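Chains D and R are the protein sequences, given in the same order.
Throughout, my numbering is defined as the position within the first sequence, counted from one, plus 990.
Throughout, my numbering is defined as the position within the second sequence, counted from one, plus 226.
We treat Cβ as the ideally placed atom computed from N, Cα and C, and that holds for glycine.
As the structure is a prediction and not an experimental result, all values here were calculated from the model.
Inspection log for the structure reproduced underneath, given as C-alpha cells.
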Amino acid sequence: MSVRLIEVRERVMARNDELAAEVRRTLGAHGITAFNLVSSPGAGKTMLLERTLEELGEALDIAVVTGDVQTQNDAERLARHTSRVVSAVVTGGACHLDALQVTTALDAIDLGRTRLLFIENVGNLVCPAGWDLGEDEKVVLFSVTEGEDKPLKYPKMFQNAKHVVLTKTDLLPHLSFDVDLAVRNARRVNPTLQFFRLSATTGEGLEQWYDFLRHAVRPVAVA
Amino acid sequence: MHEMSVAMEIGRIAEMKLGRSSAQLTAVAVDVGEDAGIEPWSLEFCLEAVFATPPFRGAKPQILRCRGDVLQVAWLEVDDERPAD
C-alpha cells in the first residue's frame, strides 16, 4: 500500500460564498435591497414582518423568503398580509439557511417587481452568523424579554450585523431589562451598530423602522 | 449546531478532490480557527458520521486548531493501494 497526502487548503464555506455572490449579483441586477433577519427564536421576526408588509408591502414591492426547521407557519402568517408569494424554505433539521436554499427560494419570486427582499432566517443566534446569503446586511432582532448580555454571549451575530432592532418594548414596564446596558453590550462587540427600539404590538417606534426601509430601497427608475 | 452542515460540505470537497480516483480516503485534516464558530469535538463527531457513509469507508478526521476564523480542509490522506516504492 502507498499512503500519500493531498494538499487541499480549501475553505469550507467557499461554495456557499460563491452561491451568495451569485445571489448578490442577481439581486443587484434587479435593483433589490435585501435584509437577512436573524434573532433567537421568538424575538418577533415574523410579527415585525407582518406589520411591515401591511404598511409598506405594496409601496416598496416587498418580497419575503422564510426559513424554518419545520412547518411553513411563518410563510402562511405572512401570506395573509401580502398579495405576493412568500417563499418558504423548510430546512428539515438544519439550524440556518444557506445560499443554495435562498437561490432556490428566489425562483418562486418575481424579482422584476421586487424592490425590497426580506430573508427571515431560522431563529438561532449561533449558526446563521456563518452563512452569507447574498444579503445587503444582516439585521439582528433582540427582544427585551431576553438578557442584556445576549450580544456578549453571541458576539459573532452582532459583529456581522449593522442594525439591531430591540423588539417588544411595550413590555419594558413589566421587566427589569436595562436598555442602556443592552446597547452598551452590543456596542462592545460592534461599536458601529445602529439601533431601533419598537413594539410591533403597539406600533411604538415603527415609524423609524419604516423610514429606514424607505431610504434603503433604491429609487424606481423613471422611464 | 451547524457542524453537520460543515461536515457534509467537507465530505463534498473530499469527493471533488478524489474525483474518479479509486484511492481510498484514510484521513481528512481540517483547520478550525478559535473564532470560526465551530465546536471541534462536535465537528469531529459529525465528520466521523459523514466518512462512515459511502462513498467513504471510514476516513479518520483530524481537527487542527489554529487562530482566527479559519475553516478549511487542510489535506487529505489517501491510500492508492499501489505497492510502496
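**OP:** Anything in the segment 996 to 1023 of chain D with a Cβ closer than 9 angstroms to a Cβ of chain R? List those residues in chain order, please.
**Re:** Ile996, Glu997, Val998, Arg999, Glu1000, Arg1001, Val1002, Met1003, Ala1004, Arg1005, Asn1006
Subject >> Unbroken stretches of the alpha helix (DSSP H), 4 residues or longer, contained in the segment 1044 to 1120 of chain D >> reply: 1063 to 1069, 1089 to 1096
**OP:** Identify every residue that forms a DSSP beta bridge with Cys292 (chain R).
**Re:** R:Gly259
Subject >> DSSP state of Ile996 (chain D) mapped onto helix, strand, coil >> reply: strand
Subject >> Neighbour list for Val232 (chain R) in chain D, Cβ cutoff strictly below 7 angstroms >> reply: Val1002
Original post:
Could one say the Cβ of Lys1146 (chain D) lies closer than 8 angstroms to chain R's Cβ atoms, at least one of them?
Top reply: yes
Original post:
Going along chain R in order, which residues have a C-beta closer than 7 angstroms to the C-beta of Gly1120 (chain D)?
Top reply: His228, Gly263
Original post:
At what residue ranges does the segment 1139 to 1196 of chain D contain a whole run of the beta strand (DSSP E), taking only runs of 3 or more?
Top reply: 1151 to 1157, 1184 to 1187
Subject >> Reference His1205 (chain D), options D:Ser1077, D:Leu1106, D:Asp1064, D:Val1028, closest by Cα >> reply: D:Leu1106
Original post:
Under three-state DSSP, which class holds Asp187 (chain R)?
Top reply: A question about residue 187 (chain R) goes unanswered here, because the residues of chain R that appear run from 227 up to 311.
Subject >> Residues near Ala1098 (chain D) by beta carbon distance below 8 angstroms, same chain, minus five either side >> reply: Val1075, Ser1077
Original post:
Which bits of chain D does Thr252 (chain R) rub up against, with CB to CB less than 7 angstroms?
Top reply: Val993
**OP:** For Ser231 (chain R), count neighbouring C-beta atoms within 10 Å of its own C-beta (all shown protein chains included) and say buried if the count is 16 or more, exposed if not.
**Re:** buried
**OP:** List the residues of chain D that Glu274 (chain R) touches, going by C-beta distances under 8 angstroms, in chain order.
**Re:** Under the 8 angstroms cutoff, chain D gives no residues; its nearest Cβ is about 17 angstroms from Glu274 (chain R).
Subject >> 7 angstroms CB neighbourhood of Ala1069 (chain D) in its chain, flanking five on each side removed >> reply: Val1076
Original post:
Is Asn1114 (chain D) buried or exposed, if buried means 16 or more other CB atoms sit within 10 Å of its CB?
Top reply: buried
Original post:
By Cβ distance below 6 angstroms, which residues in the same chain neighbour Thr1072 (chain D) in space, the five residues on each side in sequence not counted?
Top reply: Leu1043, Gly1047
Original post:
From Val1134 (chain D) to Asp261 (chain R), what distance separates their C-alpha atoms?
Top reply: 27 angstroms
Subject >> Residue-chain proximity (Trp267 (chain R), chain D), Cβ-Cβ < 8 angstroms >> reply: no
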